[in-house]
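Under my numbering, the first residue of the sequence shown is numbered 4, with each subsequent residue one higher. Quick reminder that beta carbons are idealized off the backbone N, C-alpha and C, glycines included. Following: one structure in structure tokens, then a few remarks.
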Amino acid sequence: NTTTTNDYINIESATQYILSCKSYEGALGLTPGREGHGGSTFCGIASLYLLGVLDDVMSREELRGWKDELIYWCVMRQKSLMKKVVDDDGSSTTNKNDNNGYVVEVEEQPAGMVGRPNKKEDTCYSYWIGGTLHLLSSSHLMDGWALREYVLLCQSPYGGFGKVVGAMSDLLHSFYSMAWLTLSKENGCCEDEEEADDDDAVYESEVRSQVRESIGKLSKLDCALGMCAKRTR
């Protein structure tokens, strides 16, 4: 059978339509002229990848700089890392000034992804945004461990994952949470930094080792298709 993708899809027209959805921010909207959105950005980039033209498109002279704009937009969708200030009496706050400028201990907080600026975190965007960065070989530019921790916080005691911390789990957010956790094993997304030699660091290292071991058991994912790689062979 010599039938090719070109016999079914007008790749040039499909590519031009996807590019027509590019917003001023560098992301892709649902339709031309719409605001950039994490879901449509992933779908557009994954489509270019599946059509076999992603690298060609990103190297076009007329689109010079777009890849950098797109990567920047994706990275900036991760919520700023809140700093929890822990006082010597065990109380904590996210405002450094509440401790009169004296910081006893500062802990990084989990940081999820949002689909658009000024929106709330949502576990599905860990995959939409994280998957886009994965396809662009730029996963290492986000804080992978902070995103892992946010997604894991959204687990329900009844099983599965909800869209936000404390939400009831559902199939969609459970799938995309698991999908991103699988991707987080690749491309240096969650490489560990050198840790201090103290009790807290040892405990943190042990917790991360357990998380890494559990995630390591997940099957490899075909990012662009959003399904187990074993089923795409």
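Original post:
What is the DSSP secondary structure of L54, reduced to helix, strand or coil?
Top reply: Looking at L54 - three-state DSSP - the assignment turns out to be coil, as it is neither helix nor strand.
Subject >> DSSP state of V78 mapped onto helix, strand, coil >> reply: V78 sits in a helix when the DSSP states are folded into three classes.
Subject >> Host alpha helix (DSSP H) of L144 (start-end) >> reply: Following the DSSP letters along the chain, one finds L144 in no alpha helix (DSSP H), marked with neither H nor E.
**OP:** Using a threshold of 8 Å, state whether the C-beta atoms of Q1 and M116 are closer than that.
**Re:** Outside the shown range of the chain (4 to 236) lies residue 1, about which nothing can therefore be said.
Original post:
Should S187 and G147 be called a contact, given that it needs their Cβ atoms to be closer than 8 Å?
Top reply: Contact flag set, yes.
Original post:
Could you give the distance in angstroms between the alpha-carbon of S26 and the alpha-carbon of G191?
Top reply: So the two alpha carbons sit approximately 29 Å from each other.
Subject >> DSSP bridge partner residues for F45 (one or two, in chain order) >> reply: Note: F45 is not bridge-paired with any residue in the DSSP secondary-structure output.
**OP:** Identify which residue in G29, G55, D71, N121 has its Cα closest to the Cα of S83.
**Re:** Minimum Cα distance to S83 is reached at N121.
Subject >> M171 in three-state terms, based on DSSP >> reply: The answer is coil: DSSP assigns M171 none of H, G, I, E or B.
Original post:
By Cβ distance, which residues of its chain are closer than 8 Å to L156, with the 5 residues on each side in sequence left out?
Top reply: P113, V168.
Original post:
Does DSSP put L73 in a helix, a strand or coil?
Top reply: In the three-state DSSP reduction, L73 falls in the helix class (H, G or I).
Original post:
For the candidate residues V154, Y153, R151, M171, whose alpha-carbon lies nearest to that of P160?
Top reply: Checking every option, the nearest Cα to that of P160 belongs to M171.
Subject >> Proximity winner among M79, G229, D71, relative to Y52 (alpha-carbon distances) >> reply: When C-alpha distances from Y52 are compared across M79, G229, D71, the shortest belongs to G229.
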